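Residue numbers (the numbering used here): 44 to 622.
Given below as structure tokens:
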């Protein structure tokens, strides 16, 4: 009885509070924000047959089931050299006639042993003296064009795709091309400096002599070996690598700016085998469509994966002027890398969603795939593979003892470090959890963003072939990816979830009349003390106190009703007796 009475009285008190509280106002309506013009997922326009497995100039080329596959003619020339293919095949590329020459089967094992590889230095998204814009253009995501410098194979003709386009031709892109040579071969790497600044090549981790056969410096470090390669000059680096592995090459002139600007790439020394014509360049990294003999002994496919990060303040400097003196002053004397923050995170030169066009790792069940990974970030990388645990086989090009190899799903890689992974797609609950579209990404959370906007950055997919259509578009089962392919999304104009909210639009954009309340944290002002409600305006604490007090008094009266009644009767009797 007491409990029921108490519950009744408390309910009465709460009712008193609610009737005295202020009115509840409806929120302002949501505004539908138009997403703008979304690019098609696959807009490469390449001939469909480029994706097929094929043979060209005697070179076996694996299929590539992605939106933007490599030109098979490029692959054939990268494998055979510009001097060993037909004129028609060479003209189907943008390569110069002396970009890669191969000769002299010295050991008689069926492949060339002397390579001459020529590189140039190009600027992407640089300042144009002719119009308001950048040229040649290379977008890392819709509408995003930081300035870059890259090593490129020696090319011919225009730096753009055509007279009608400002877009860079396909050989001029980020990252610098992966270079492949065979263990024990004689390799001359010729840097023809076509840029307005001095540059060099340091062969990081690659077996090379400090001085070449002519007594010139061979390490690419101007302070210790030989002067940097000045604009318009060339320099030949001579190597005969004795150890295979995944290495690195980069410019060593003002490396705190030249490396982040893009002058860095993977350098792979393949194991020596007979009839081993290696693919000298892998432009844009990604799938190696002509793996070496040694790789094919163990793996069905091979992928090069190059991570980079970008401080937009640095990369905007080259877009501010055409005078190299002004750019040099800004970069060398004014820019402070110790104050830098990375804004863009790239996988093979692009950020999500463009990574889905060309950096998918396409697999089928029961395969083993070799992944060669370079951390070109300024910070450590924590690579995570969804749905798979891969095995770390090599660190910095050195094979680990099989008993010391680790199978895991997060792989830590320091800046400039290389890691080889064996990805096994056997569905056994350990190496693979089965077919699907499995994301892989840097688990440093800011690497999920593009200039702080998510989801972006270096996200890509391990895509089982059955989940791709004929153009390499993933058959997703979740949200519509169209907003990611608009400039407006990366300009922060689109509510991230507006297309998946309820009819009211609870996760959309509030109408223009809605203004968020300002707090002391955002205004920098001290919050004033509460002001008592004005006359006629109900407060909160007053009704609450009154309701509770009335409830307590009523409960007390009910519990002691007999004594109260007796006291009241006695008072009445006394009052009557006095009269």
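We put the CB at the ideal spot given by N, CA and C, even for glycine. Nothing here was measured: the structure is a model prediction, and the numbers come from that model.
Asked                                                                                                                                                                : Found
Roughly how many angstroms lie between the CA atoms of residue 234 and residue 266, to the nearest whole one?                                                        : 18 Å
I'd like the list of long-range same chain contacts for residue 301, defined as Cβ closer than 6 Å, with 5 residues on each side in sequence excluded.               : 294
Would you report the Cα separation of residue 600 and residue 615, rounded to the nearest angstrom?                                                                  : 18 Å
Less than 7 Å between the beta carbons of residue 289 and residue 415, yes or no?                                                                                    : yes
So for residue 90, helix, strand or coil by DSSP?                                                                                                                    : coil
What residue range is occupied by the uninterrupted alpha helix (DSSP H) comprising residue 117?                                                                     : 115 to 123
Check residue 100 in the structure and name its three-state DSSP category.                                                                                           : coil
Look at residue 486 and residue 427 and say whether their C-beta atoms are less than 7 Å apart.                                                                      : yes
How should residue 540 be labelled, buried or exposed, when 16 other C-beta atoms within 10 angstroms of its C-beta is the threshold for buried?                     : exposed
Could you tell me whether the segment 170 to 183 touches the segment 206 to 224, using the rule of 3 or more Cβ pairs below 8 Å?                                     : yes
Helix, strand or coil for residue 606 per DSSP?                                                                                                                      : helix
Between the C-alpha atoms of residue 348 and residue 458, what's the straight-line distance to the nearest angstrom?                                                 : 14 Å
Would you identify the three-state DSSP class for residue 201, choosing helix, strand or coil?                                                                       : coil
Measuring CB to CB, does residue 313 end up less than 7 Å from residue 321?                                                                                          : yes
Fully enclosed by the segment 291 to 358, which alpha helix (DSSP H) runs are 4 residues long or longer?                                                             : 298 to 301, 336 to 341, 355 to 358
Would a C-beta distance cut-off of 7 Å place residue 394 and residue 500 closer than the cut-off?                                                                    : yes
From the DSSP secondary-structure annotation, give me the bridge partner or partners of residue 552.                                                                 : 74
Using only CA atoms, which one of 70, 480, 592 lies nearest to residue 509?                                                                                          : 480
Leaving out five residues before and five after residue 551 in sequence, what residues of the same chain have Cβ atoms less than 6 Å from its Cβ?                    : 73, 538, 541, 544
Less than 8 Å between the CB atoms is what I'm expecting for residue 401 and residue 111, so what's the real figure, rounded?                                        : 4 Å
In the segment 220 to 284, which residue ranges form an unbroken beta strand (DSSP E) of at least 3 residues, counting only runs that do not cross its ends?         : 221 to 225, 229 to 235, 245 to 247, 277 to 282
Mapping DSSP to helix, strand and coil, what is residue 525?                                                                                                         : helix
Is the separation between the beta-carbon of residue 81 and that of residue 529 shorter than 7 Å?                                                                    : yes
From the DSSP output, in three-state form, read off residue 84 for me.                                                                                               : coil
Look up residue 181 in the DSSP assignment and say whether it is helix, strand or coil.                                                                              : coil
Using the three-state DSSP reduction, which class does residue 218 fall into: helix, strand or coil?                                                                 : coil
Counting Cβ pairs closer than 8 Å, one from the segment 403 to 413 and one from the segment 461 to 476, do we hit at least three?                                    : yes
Applying the criterion that 16 or more other CB atoms from any shown protein chain within 10 Å of the CB defines a buried residue, is residue 120 buried or exposed? : buried
Where does the unbroken alpha helix (DSSP H) through residue 371 begin, and where does it stop?                                                                      : 367 to 372
Judging by CA-CA distance, which residue of 213, 450, 422 is the nearest neighbour of residue 381?                                                                   : 422
Give the secondary structure of residue 478 by DSSP, where H, G and I count as helix, E and B as strand, and everything else as coil.                                : coil
Find the nearest neighbour of residue 128 within the set 102, 152, 153, 274, judged by alpha-carbon distance.                                                        : 102
Confirm, please, whether the CB-CB distance from residue 249 to residue 219 is below 7 Å.                                                                            : no
Does the distance from the C-beta atom of residue 228 to that of residue 148 stay below 7 Å?                                                                         : no
Taking the beta carbon of residue 579 as the centre, do at least 16 other beta carbons fall within 10 Å, making it buried, or is it exposed?                         : Only weak support is given to the placement of residue 579: the predicted model assigns it a pLDDT of 49, under 50, and the question is left unresolved by the model.
Report back the beta-carbon spacing between residue 333 and residue 296 to the nearest angstrom; my notes put them in contact at under 8 Å.                          : Wrong, their Cβ atoms sit about 33 Å apart, outside the cutoff.
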